[in-house]
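Numbering (my numbering), first residue to last: 9 to 103.
Where is the CB? At the ideal position from N, CA and C, for every residue including glycine.
Single-structure report; data block below.
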């Protein structure tokens, strides 16, 4: 990706937006809204690390970038919740 001016501001804005949608996904009773929020979280995660680049993944793994850690944690929790719901649905369907 081309060099962005104010890259850190863009990354911080993505992280805040992701946090907002994560809160929405936890607090809504609407399945449609929850699904929309989860899709946004997944897309924002991809955008965040596309901008951050390889150094972002390295600092995440090393545990030295708190913001990247938070972004990845929200993403992982959403994926885990989706897997758990899928497993419950499969169990209820008798699979």
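Residue i classed as buried or exposed, judged by whether at least 16 other C-beta atoms fall within 10 angstroms
i	result
residue 17	exposed
residue 69	exposed
residue 93	exposed
residue 37	exposed
residue 100	exposed
residue 95	exposed
residue 19	buried
residue 73	buried
Span of the alpha helix (DSSP H), counted from its first residue to its last, around residue i
i	result
residue 36	That residue, residue 36, is in no alpha helix (DSSP H); it is neither H nor E in DSSP.
residue 93	74-100
Any non-hydrogen atom of the ligand GTP closer than 7 Å to residue i Cβ
i	result
residue 42	You won't find the ligand GTP in this model; it holds no ligand whatsoever.
Nearest to residue i (by Cα), restricted to the options the options
i	options	result
residue 89	22, 45, 13, 58	45
residue 57	38, 42, 23	23
residue 60	80, 43, 42, 28	80
residue 43	55, 15, 30	30
residue 15	84, 35, 55, 41	55
Expected contact under 8 Å - CB spacing of residue i and residue j to nearest Å
i	j	result
residue 49	residue 33	7 Å
residue 25	residue 52	6 Å
residue 27	residue 82	7 Å
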